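Enquirer: Numbering (the numbering used here), first residue to last: 11 to 93. The beta carbon of each residue, even a glycine, is placed where N, CA and C say it ideally should be. Predicted model, so just to flag it, every value in this text is computed and none were measured.
(1) Look at the Cβ atom of residue 39, then the Cβ atom of residue 31, and state whether they are nearer than 8 Å.
(2) In chain order, what residues of the same chain have a beta carbon less than 7 Å from the beta carbon of residue 64, not counting five sequence neighbours either side?
(3) For residue 46, which residues in the same chain have their Cβ closer than 8 Å to its Cβ, ignoring the five residues on either side in sequence?
(4) Which value, in whole angstroms, describes the spacing of the CA atoms of residue 2 and residue 11?
(5) Using the C-alpha atoms, what's the distance from residue 57 back to residue 68?
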C-alpha cells in the first residue's frame, strides 16, 4: 500500500472540507461561485482559469504568484525547483 505524503493528506482534507461544507452549510461553494459569476463574470472565469493553470503546471514558476509564495518559506538552496 502506498504511503500518503503530506500534500496527499492536504488534498484529502480539502476534499473532506468541501464535502462537509456543501452537506451542512447554508450555501454550497458551487452556488457561491455561481453568484460570483453572475456579479463578476470575467473576474470569476479568470480566477478559476488561473487556479486550473496553476494546478496543471501550465504557468512558469517565475510568473506564478502562488509558486512565488513558496519562496517566502524556502531558499533556492533548499528548493531546487525555485531557481
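Expert: Taking the definition as stated:
(1) yes
(2) 74 and 76
(3) 53 and 54
(4) With the chain running from 11 to 93 in the structure shown, residue 2 is simply not present.
(5) 14 Å
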